[in-house]
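A quick write-up on the structure given underneath.
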Amino acid sequence: MHSIVLPLLLLLPLVGPTEAKKPDYAKQLKEVEAKIKKDRKDPMLYYRKAQCLCALGKYDDGYKAAEVAMRKFTSAKKELAWLLLESIRVGDLRVDVHFNMGPKERSRRKDGIVRPLSLRIWAAEGDKMIDMIDYEIGYMKGKPRTAAFGKMIDGGHALLEISKPGLPYSKIRKAAIELVEKRYANK
């Protein structure tokens, strides 16, 4: 069983410890979109839009907004290595999905491996990170040819599961949840 975890850091309302309430992401999305109409250059607005959309279950739109945010950060010459797209609860685990914005992800893809997403898997007790998995896309002659979930281990690379290139984020997300359930949940 999985659900969205609410600590999307940029979106949490300022409330005391006993008065925490669920954020109204639809309202926040409307507010962010109104601000975007006034200032189309502010990359943080697109970052917030991506998070709101994911929190509302509009995963593919959220991913597209994250891509726009990345372009806005690049054109504003503001460095940001990644943005927190969403947090997902998988059993007793929390999976933070990071939309990576490193140099390879920002540049035009030709040949090689790009890691557009990283999954940081946290144990619920003690908030200890137990693993990090990347979603990787292999490009050849400018076209995505392979996709997989993998991770770096002891100076090498472990392929965890093959995926199809060109999938929308909603399907990548579903495969990521299944992978985490299979490898880590209830262990």
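Quick note on the working numbering: the sequence shown kicks off at 12 and runs consecutively.
Here a beta-carbon is modelled for each residue, glycine too, at the ideal position from N, C-alpha and C.
- In the structure shown, residue 51 falls within a coil segment according to DSSP collapsed to helix, strand and coil.
- Less than 8 Å divides the Cβ of residue 95 from the Cβ of residue 107.
- Closest in C-alpha terms to residue 93, from the list 87, 128, 147, comes 128.
- With contacts defined by Cβ atoms closer than 8 Å, residue 155 and residue 179 do not form a contacting pair.
- Secondary structure of residue 103 (DSSP, three-state): coil.
- A residue is called buried when at least 16 other Cβ atoms come within 10 angstroms of its Cβ; residue 97 meets this threshold and is buried.
- Judged by beta-carbon spacing, residue 112 lies within the 8 Å limit of residue 81, meaning their Cβ atoms are closer than that value.
- When DSSP states are grouped into helix, strand and coil, residue 194 belongs to the helix group.
- By the Cβ neighbour-count rule, residue 104 is buried, with 16 or more other Cβ atoms within 10 Å of its own.
- Under a 10 Å Cβ-count criterion, residue 45 is classified as exposed, with fewer than 16 other Cβ atoms of the shown protein chains found around its own Cβ.
- In terms of Cβ geometry, residue 77 and residue 87 do not form a close pair [threshold 8 Å].
- The Cβ atoms of residue 141 and residue 191 do not sit closer than 8 Å to each other.
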